[in-house]
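J.: 24 is the number of the first residue of the sequence shown in the numbering used here; add one for each residue after it.
This structure is in structure tokens; I'll ask about it shortly.
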Amino acid sequence: MKIFAAEFIKSCVASEQFPSGDLREVAFVGRSNVGKSSLINSLLHRRDLARVSRTPGKTQAVNVFLISTSDPHLSQFYLVDLPGYGFANVPKTVRMQWGPLLEHYLLGRTALLRVVLLVDSRVVTDQDRQTLAWLRSIRHDPLVVVTKVDKLKANERARTLRQIHQSLGLAGGDAVIPYSSVTGEGKDRLWGSLREAAGRGAT
Ligand SMILES: Nc1nc2c(ncn2[C@@H]2O[C@H](COP(=O)(O)OP(=O)(O)O)[C@@H](O)[C@H]2O)c(=O)[nH]1
Ligand SMILES: [Mg+2]
């Protein structure tokens with residue numbers, strides 16, 4: 024599969040700004056600093072389309088990118104970077120605004136194919152578990168991606184991945200995708216899952 028184009032469309036801070044039309048969407052969500060921007064860049068083979076920030080949590084916006092690929096089911100779609108949660112230093116006023124924005128997005132988008140939930144391979148938090156439970160309660164069964172796996176020691180890796188699976192309360196059949204934006208591990212698997220979701224959702 025080839026990526027023909029990846030273009031930033033807009034940053035939405037209110038639900039009226041979400042794109043109109045009927046293009047399909049894939050949304051990425053996770054704790055601030057989980058590696059979301061890095062993953063989006065690596066997935067799209069772009070160096071800095073989604074900004075990789077050292078001061079996470081400042082942008083509480085829904086960022087929309089338009090992607091076109093050679094896959095017939097994903098020939099054009101929106102990749103949506105949702106605001107990160109769980110960043111303690113974000114001012115309360117900002118935190119209070121992102122909850123409803125995220126909720127509006129997740130409850131309202133009819134062309135949303137799949138939500139991808141990112142968790143850090145080194146620490147899964149209560150908020151990650153709550154987010155997973157909440158997504159399920161609103162009928163989004165997210166694809167779980169475990170980030171920064173290049174940081175795991177080879178001899179701990181299998182056990183750590185098992186523990187993450189367990190601590191998220193996933194069922195035996197639910198796969199998690201180990202991902203590294205540094206080595207590129209997981210990229211093909213993640214694209215494969217997105218293509219599969221798009222194929223299933225095809226009409
Ligand atoms: N070793 C390693 N570091 C990563 C990886 N992904 C992100 N990082 C680092 O983690 C920090 C946060 O990444 P960023 O993509 O900005 O996270 P975001 O806040 O979720 O968008 C940055 O310092 C990145 O360089 C990864 O796969 N491996
Ligand atoms: Mg980011």
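We treat Cβ as the ideally placed atom computed from N, Cα and C, and that holds for glycine.
Since the model is a prediction, treat every value here as computed from it, not as a measurement.
So does D71 have its beta carbon nearer than 8 Å to some heavy atom of ligand 2?
T.: no
J.: Which residue comes first and which comes last in the alpha helix (DSSP H) that contains K210?
T.: K210 -> alpha helix (DSSP H) spans 210 to 223.
J.: From E39 to Y101, what does the alpha carbon distance come to, in whole angstroms?
T.: 16 Å
J.: Please check if any C-beta of chain C sits within less than 9 Å of the C-beta of V87.
T.: The displayed structure is made up of one protein chain only, and chain C is not part of it.
J.: Exposed or buried, P106, counting other C-beta atoms within 10 Å across all chains shown (16 or more means buried)?
T.: P106 should be labelled buried.
J.: Quick check on K171: buried or exposed, where buried means 16 or more other Cβ atoms within 10 Å of its Cβ?
T.: By the Cβ neighbour-count rule, K171 is buried, with 16 or more other Cβ atoms within 10 Å of its own.
J.: Taking the continuous beta strand (DSSP E) assigned at A156, which residues delimit it?
T.: Premise fails: A156 lies in the alpha helix (DSSP H), 149 to 160, not in any beta strand (DSSP E).
J.: Where does T206 fall in DSSP's three states?
T.: coil
J.: Does DSSP classify V167 as helix, strand or coil?
T.: strand
J.: Assuming R185 is part of the alpha helix (DSSP H), what are its boundary residues?
T.: Segment 177 to 190, the alpha helix (DSSP H) holding R185.
J.: In terms of residue numbering, what span does the beta strand (DSSP E) encompassing I34 cover?
T.: Sequence inspection shows Ser at residue 34; the Ile mentioned does not correspond to that position. 26 to 35 is the extent of the beta strand (DSSP E) around S34.
J.: Note the first and the last residue of the continuous alpha helix (DSSP H) segment covering N64.
T.: 59 to 66
J.: Are the beta-carbon atoms belonging to S204 and L62 less than 9 Å from one another?
T.: yes
J.: Just checking my contact of D143 with R54 at CB under 8 Å: how many whole Å lie between their CB atoms?
T.: 7 Å
J.: Quick check: does the Cβ of K59 come within less than 8 Å of any heavy atom belonging to ligand 2?
T.: yes
J.: I believe V139 touches A50 by the beta-carbon criterion, under 8 Å. Please report the beta-carbon distance rounded to the nearest angstrom.
T.: That belief holds up - the Cβ atoms of V139 and A50 are roughly 7 Å apart, short of 8 Å.
J.: Tell me whether T141 counts as near ligand 1, meaning its Cβ is closer than 8 Å to at least one heavy atom of that ligand.
T.: Going by the sequence as given, residue 141 is Leu instead of Thr. Checking the Cβ of L141 against ligand 1 gives yes.
J.: Where does Q99 sit, in a helix, a strand or coil, going by DSSP?
T.: strand
J.: Determine the direct distance from the alpha carbon of A73 to that of L191, and round the result to whole angstroms.
T.: 27 Å
J.: Would you call Q83 buried or exposed, if buried means 16 or more other Cβ atoms sit within 10 Å of its Cβ?
T.: buried
J.: Using the rule of at least 16 other Cβ atoms within 10 Å of the residue's Cβ for burial, across every protein chain shown, is G80 buried or exposed?
T.: Low per-residue confidence applies at G80: pLDDT is 49, beneath 50, and the placement is therefore not dependable enough to give any value.
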